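*Asks:*
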Amino acid sequence: DRPSELLDAGANQAINQVNHYGSFVRHFFSLPAPTDVISTRMVLTTFDSAVYLATSTPCGPVHINCPFREPLESTPKEWSQSCLKGLESWVSSGEPFTNYIQPHSSFSPNNFQSDVADVLGIIHGAKRGLLLIGAVFKEDDIWAALLLAKHLQWPVVADILSGLRLRKYKNSISKLNEGILFVDHLDHSLLSAEVKDWIKADVIVQIGSRITSKRISQMLEKSLLTEPYVAHITSEALDCGSTMFLGNSMPIRDADMYGNSPGECTHGNDTSLISGFPFRWIQVAGNRGASGIDGLLSTAVGFSVGHNKRVVCVMGDVSFLHDTNGLALLKQRISRKHVTVLVINNHGGAIFSLLPIANKAEDKILNQYFYTSHNVGIHNLCSAHGVKHVQVQTKAELQNALIRSQQDEVDCVIEVESSINANANFHSYLRQFACQAASHALSTILQFSVLDSLSQDSMHLKVSKLEYFR
Ligand SMILES: Cc1ncc(C[n+]2csc(CCOP(=O)(O)OP(=O)(O)O)c2C)c(N)n1
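The working numbering puts the first residue of the sequence shown at 43, with every later residue one more than the last.
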């Protein structure tokens, strides 16, 4: 490139190359034109960071723009040696000048093994598994995917870019004996509402990159609506004019573990902001007492009257069924703001699936005496009381329902479809991953001695984000 003073000035070979590749590159940096005024260390660090960004996840091309005052000029010039200061130890080290810590490279083999063990645990626990094979380009990877498919004996959905959709058989008998159940046209089968309802995989393993079919991707999205996600998204969706009421059993625990509240307070009349704190809090209530699951809906309605704020209430299906009279209270709309009731319907008391008893008792005993599994139509109860009911199965549907319930200003029950087994598996997976991530984050931070410096009160640093890719 040419330096900026030569751009738009009719100079030869001068075009605007700044951000030439836009968002297609992982990183862009425009160096200054060569000069001995700038330290060589800056140039080395620029290259080291570009290499780091190009090779860490997600890896890809980077663009370093190098403008020259005189292109292809090689006349020797006098240079001040001062720009080379501080390079002595680097020249002999054979190492990059600036090193970046790759979080993944420091995962020990033990952690790797426990990762694999987690995945195996989930696969073994699957009752209705599904194997999706996305774009796979290396022959070895295709072989590995096929061996896994044969071993698992799960239905296999092969994307057109997987190399396995277009299969040529030796003869018609070999097709019968392939030992793998390929489901080749799932995309169009998902047009049928019955098929969509029927395909309820509890574990989906995806190999390779993104699936071409939008309908299959939506099906994946749907299976990703987990109870921890509900806690996360519901707390995020609360605005400053709302309060929250949390039911006992899993809703209050999930909100405590996965509740999240980024974003800005857009609601008017911010008394707490005026009082000098840079944030505004959101009142959250629960009936902790003896952790009863009774009377929760009625309490939430009372809470909304007392607060005169919109209440978002989250409870399990058994709790909801325990207090159907609360629907009658909801219907008598005395002077109060509207209430949004999220019922997590996993068709029973999911909390018991997280207790040791779940690994000991037979399914029949668990369902009957612990989970008290049921198939009561929550929509029928709502319609009997004339209360608006919305059922959601995907993340997008949940987000839309939360936005609508806020805008419409009417009482509404949002029923979130879930399942006890999928919830237990996901919780166990999250726990193990959180444990690893926390230990790893601490060891990464300790490498910088941030905590030591903080305790000595000599330095104030804040680590704003550590990201983990899985
Ligand atoms: C009045 C009352 N009866 C029984 C219990 C015991 N109990 C604790 S949690 C629970 C199941 C709750 O199920 P649900 O509301 O669907 O929530 P989930 O466990 O699925 O999160 C039961 C029956 C209780 N806490 N209170």
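All residues carry an ideal CB built from backbone N, CA and C; glycine is no exception.
Keep in mind the model is a prediction, meaning the values are calculated, not measured.
Excluding sequence positions up to five away, which residues of its chain have a Cβ less than 7 Å from the Cβ of N417?
*Replies:* Walking along the sequence shown from the start, residue 417 turns up at place 375. Here the set comprises H389.
*Asks:* Tell me N422's beta-bridge partners as DSSP assigns them.
*Replies:* For the purposes of this step, residue 422 is identified with residue 380 of the sequence shown, where counting begins at 1. Per DSSP, none; premise fails for N422.
*Asks:* Under a Cβ-count criterion, where at least 16 other Cβ atoms within 10 Å of its own Cβ denotes burial, should M501 be classed as buried or exposed?
*Replies:* For the purposes of this step, residue 501 is identified with residue 459 of the sequence shown, where counting begins at 1. Per-residue confidence for M501 stands at a pLDDT of 49, beneath the threshold of 50, marking its modelled position as unreliable; the derived number appears in the next sentence. Under this definition M501 is an exposed residue.
*Asks:* In the DSSP output, what is Q433 paired with across the bridge?
*Replies:* Start at 1 with the first residue of the sequence shown, and residue 433 comes out as number 391. DSSP lists E457 as partners of Q433.
*Asks:* May I ask whether a heavy atom of ligand 1 can be found less than 7 Å away from the beta carbon of G513?
*Replies:* What the structure shows of the chain is the stretch from 43 to 512, and residue 513 is not part of that stretch, so it cannot be assessed.
*Asks:* May I ask you to check if the CB of M286 is nearer than 7 Å to at least one heavy atom of ligand 1?
*Replies:* Taking the first residue of the sequence shown as 1, we reach residue 286 at position 244. Result no, Cβ not under 7 Å from ligand 1.
*Asks:* Compare the beta carbon distance of I106 and T82 with 8 Å and say whether it is the shorter of the two.
*Replies:* Numbered from its first residue, the sequence shown carries residue 106 at position 64. Numbered from its first residue, the sequence shown carries residue 82 at position 40. Cβ distance not < 8 Å, so I106 and T82 don't count as in contact.
*Asks:* Would you decide whether M292 is buried or exposed? Buried here means 16 or more other CB atoms lie within 10 Å of its CB.
*Replies:* For this step, residue 292 is matched to residue 250 along the sequence shown. Result: buried.
*Asks:* Does DSSP put L288 in a helix, a strand or coil?
*Replies:* To locate residue 288, count along the sequence shown from 1; it is residue 246. Note: L288 maps to strand in three-state DSSP.
*Asks:* Can you tell me whether V93 is helix, strand or coil according to DSSP?
*Replies:* On the sequence shown, residue 93 is found 51 positions in, with the first residue counted as 1. V93 falls in the helix class under three-state DSSP.
*Asks:* Does A187 pass the burial test, meaning 16 or more other C-beta atoms within 10 Å, or should it be called exposed?
*Replies:* Start at 1 with the first residue of the sequence shown, and residue 187 comes out as number 145. It is buried - the Cβ of A187 has at least 16 other Cβ atoms within 10 Å.
*Asks:* What separation, rounded to the nearest whole angstrom, lies between the Cα atoms of G428 and K373?
*Replies:* The sequence position of residue 428 within the sequence shown is 386, counting from 1. The sequence position of residue 373 within the sequence shown is 331, counting from 1. Going by the C-alpha atoms only, they are around 7 Å apart.
*Asks:* Let me know the secondary structure DSSP gives C355 once reduced to three states.
*Replies:* On the sequence shown, position 313 is the one that residue 355 refers to. Reduced to three states, the DSSP call for C355 is strand.
*Asks:* Taking contact to mean at least 3 C-beta pairs separated by less than 8 Å, is the segment 274-285 in contact with the segment 443-454?
*Replies:* Yes: at least three Cβ pairs fall under 8 Å.
*Asks:* Hey, is S65 close to ligand 1, as in C-beta under 7 Å from one of its heavy atoms?
*Replies:* By 1-based counting over the sequence shown, the position of residue 65 is 23. For ligand 1, not one heavy atom lies less than 7 Å from the Cβ of S65.
*Asks:* When every heavy atom of ligand 1 is checked, does at least one fall within less than 7 Å of the C-beta of A327?
*Replies:* For the purposes of this step, residue 327 is taken as the residue at position 285 of the sequence shown. Checking every heavy atom of ligand 1 against the Cβ of A327, none is found closer than 7 Å.
*Asks:* Would you kindly work out how many angstroms separate the C-alpha atoms of S124 and W132, rounded to a whole number?
*Replies:* Mapped onto the sequence shown, residue 124 falls at position 82. Mapped onto the sequence shown, residue 132 falls at position 90. In a straight line, the C-alpha of S124 is about 16 Å away from that of W132.
*Asks:* State the DSSP-derived secondary structure class of H349, mapped to helix, strand or coil.
*Replies:* Position 307 of the sequence shown, counted from the start, is the residue given in the question as residue 349. Helix, per DSSP.
*Asks:* Distance check for E269 and S460, CA to CA, integer angstroms please.
*Replies:* Stepping through the sequence shown from its first residue, residue 460 is reached at position 418. Stepping through the sequence shown from its first residue, residue 269 is reached at position 227. About 7 Å.
*Asks:* Going by C-alpha to C-alpha distance, which of V326, R330, L280 and M299 sits closest to E306?
*Replies:* For the purposes of this step, residue 306 is taken as the residue at position 264 of the sequence shown. The candidate whose alpha carbon is nearest that of E306 is L280.
*Asks:* Taking the C-alpha atoms as reference points, what is the distance between E236 and R330?
*Replies:* Here the question's residue 236 lines up with position 194 in the sequence shown. Here the question's residue 330 lines up with position 288 in the sequence shown. The straight-line gap from Cα to Cα measures roughly 41 Å.
*Asks:* Inspect the beta-carbon positions of G328 and L288 and report whether they are closer than 8 Å.
*Replies:* As a position in the sequence shown, residue 328 is number 286, starting the count at 1. As a position in the sequence shown, residue 288 is number 246, starting the count at 1. Their beta carbons are under 8 Å apart, which means G328 touches L288 by this criterion.
*Asks:* Which residues share a DSSP beta bridge with G167?
*Replies:* Locating residue 167 in the sequence shown gives position 125, where the first residue counts as 1. Paired residues: none, contrary to the question.
*Asks:* Would you report the Cα separation of E181 and R252, rounded to the nearest angstrom?
*Replies:* In the sequence shown, counting from the first residue as 1, residue 181 sits at position 139. In the sequence shown, counting from the first residue as 1, residue 252 sits at position 210. Roughly 18 Å between the two C-alpha positions.
*Asks:* By the 10 Å Cβ neighbour count, where 16 or more other Cβ atoms means buried, how is I399 classified, buried or exposed?
*Replies:* Sequence index remark: in the sequence shown, residue 399 carries index 357 (1-based). By the 10 Å Cβ count, I399 comes out exposed.
*Asks:* What are the boundary residues of the alpha helix (DSSP H) that S395 is part of?
*Replies:* Against the sequence shown, residue 395 aligns to sequence position 353. Looking at the DSSP string, S395 is not in any alpha helix (DSSP H), and its letter there is neither H nor E.
*Asks:* Take the Cβ of S134 as the centre, count every other Cβ of all protein chains shown within 10 Å, and call the residue buried at 16 or more, exposed below.
*Replies:* As a working note, residue 134 is residue 92 in the sequence shown. It is exposed - the Cβ of S134 has fewer than 16 other Cβ atoms within 10 Å.
*Asks:* Taking the Cβ atom as the reference point for each residue, do C355 and L397 lie within a distance shorter than 8 Å?
*Replies:* The sequence position of residue 355 within the sequence shown is 313, counting from 1. The sequence position of residue 397 within the sequence shown is 355, counting from 1. No, Cβ-Cβ distance for C355 and L397 is not below 8 Å.
*Asks:* Distance check for G128 and Y94, CA to CA, integer angstroms please.
*Replies:* Position 52 of the sequence shown, counted from the start, is the residue given in the question as residue 94. Position 86 of the sequence shown, counted from the start, is the residue given in the question as residue 128. Their backbone Cα atoms lie some 22 Å apart in a straight line.
*Asks:* Have a look at H364, C477 and S470 and flag the residue whose alpha-carbon is nearest the alpha-carbon of G163.
*Replies:* Position 121 of the sequence shown, counted from the first residue, corresponds to residue 163. Residue S470 is the option with its Cα nearest to G163.
*Asks:* For G328, which three-state DSSP category applies?
*Replies:* For the purposes of this step, residue 328 is taken as residue 286 along the sequence shown, with counting starting at 1. Residue state, collapsed to three classes: strand.
*Asks:* If distances are taken between C-alpha atoms only, which option among F70, P113, E112 and P109 comes closest to A92?
*Replies:* One-based indexing of the sequence shown puts residue 92 at position 50. Comparing Cα positions, the closest option is F70.
*Asks:* Quick check on this structure: which residue in V360, V343, R295 and C282 has the alpha carbon closest to the alpha carbon of Q325?
*Replies:* Here residue 325 refers to the residue found at position 283 of the sequence shown. Ranking the options by Cα distance to Q325, first place goes to C282.
*Asks:* Between which two residues does the alpha helix (DSSP H) containing I34 stretch?
*Replies:* Outside the displayed span of the chain (43 to 512) sits residue 34, for which this structure offers no information.
*Asks:* Let me check you understand the geometry: is the CB of V360 closer than 7 Å to at least one non-hydrogen atom of ligand 1?
*Replies:* Residue numbering aside, residue 360 sits at position 318 when the sequence shown is read from its first letter. Yes, the Cβ of V360 comes within 7 Å of a heavy atom of ligand 1.
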